[in-house]
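**Q** Dumping the structure here so I can ask a few things about it.
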Amino acid sequence: MQWPQIEHAWVWILVALVVVYALGLWLGAKGKVVVYRNYYDVMLVAGLYILPVLMTPAFILLGGKEAVNELTAGLFIVLLVLEGLLLAFVLLRTVADNLNPLKALLALYVKIPTALFFSFNLLESFSAKTGSSRRKSIFWTLFMVPVIHALVHDKSTGKLPRRFGR
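Residue 0 is where the sequence shown starts when you use numbering that gives the first Met the number 0, and the numbers rise one by one after that.
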């Protein structure tokens, strides 16, 4: 028996990662693993991407690309602390929803990339420079909506009310 070439080992690693991700999607859609507790949980995880995007203009306005002063360093530390607290909150909430550690790891493996991909494409659909990139972002955002809906465990909380103004 001959071992596969080391140059092509990344393909097998990528296949294994995709299979584990697909398993997490399937178990999350079946309800065996709680990926997202409710729709608020999706937005909390999306905050891991949105928070740095919202803080970037403050860095540019306060110091530019080359200036490092106390204010920009302090703002960067605040950003790191907020990101760390948000990540810790997401981790603790996922472990509380899935008491089995393997299910919690699988839920985190599905939860974070899915919400980050969704939020990236959602923001990119409004801020892309060309029409074709906006169309691609809108396509992927609309593609991810039913996937995220299937992964949400409690669909009764965390969404807008059905009727407005009555």
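By construction, the Cβ of each residue, glycine as well, lies at the ideal position given by its N, Cα and C atoms.
Please read these numbers as outputs of a predicted model, since none were measured by experiment.
Could you give the C-beta distance for residue 114 and residue 41, rounded to a whole number, given that I count them as a contact under 8 Å?
**A** Contact holds; Cβ gap of about 6 Å.
**Q** Provide the residue span of the alpha helix (DSSP H) that contains residue 155, from first to last.
**A** That residue, residue 155, is in no alpha helix (DSSP H); it is neither H nor E in DSSP.
**Q** Counting only the same chain and skipping the five closest in sequence on each side, list residues whose C-beta sits under 7 Å from that of residue 139.
**A** Excluding positions up to five away in sequence, the list reads 120.
**Q** Quick check: what's the CA-CA separation for residue 26 versus residue 6?
**A** Going by the C-alpha atoms only, they are around 33 Å apart.
**Q** Below 8 Å, how does it come out for the region 130-150 and the region 21-37: are there three or more Cβ pairs, yes or no?
**A** Segments in contact, yes.
**Q** Between the region 47-63 and the region 130-146, do three or more beta carbon pairs fall short of 8 Å?
**A** The region 47-63 is not in contact with the region 130-146.
**Q** By how many angstroms is the C-alpha of residue 93 removed from the C-alpha of residue 11?
**A** Going by the C-alpha atoms only, they are around 29 Å apart.
**Q** Alpha carbon to alpha carbon, what distance is there between residue 68 and residue 96?
**A** So the alpha carbons of these two residues sit roughly 42 Å apart.
**Q** For residue 110 versus residue 52, is the C-beta distance shorter than 9 Å?
**A** No, they are not a contact pair.
**Q** Excluding sequence positions up to five away, which residues of its chain have a Cβ less than 6 Å from the Cβ of residue 124?
**A** Closer than 6 Å at Cβ, skipping near neighbours: 133, 136, 137 and 140.
**Q** Per DSSP, which residues does residue 35 bridge with? Please list them.
**A** Residue 35 pairs with 151.
**Q** Which runs of the alpha helix (DSSP H) fall wholly inside the region 67-151 and span at least 4 residues, in chain order?
**A** List check, alpha helix (DSSP H) in window: 69-96, 100-126 and 130-150.
**Q** Answer yes or no: do residue 48 and residue 122 have a C-beta to C-beta separation smaller than 9 Å?
**A** Yes, the Cβ-Cβ distance between residue 48 and residue 122 is below 9 Å.
**Q** Would you report the Cα separation of residue 38 and residue 72, rounded to the nearest angstrom?
**A** Their Cα atoms are separated by approximately 34 Å.
**Q** Which value, in whole angstroms, describes the spacing of the CA atoms of residue 155 and residue 112?
**A** Approximately 24 Å, taken between the alpha carbons.
**Q** Given residue 78, which residues of its chain have a CB within under 6 Å of its CB, disregarding the five upstream and five downstream residues?
**A** For residue 78, where only same-chain residues beyond five positions count, the Cβ hits under 6 Å are 54.
**Q** Tell me whether the beta-carbon of residue 108 lies closer than 9 Å to the beta-carbon of residue 19.
**A** For residue 108 and residue 19, yes; Cβs fall inside 9 Å.
**Q** What is the rounded straight-line gap between the Cα of residue 50 and the Cα of residue 75?
**A** Rounded to whole angstroms, residue 50 to residue 75 spans 12 Å at the Cα level.
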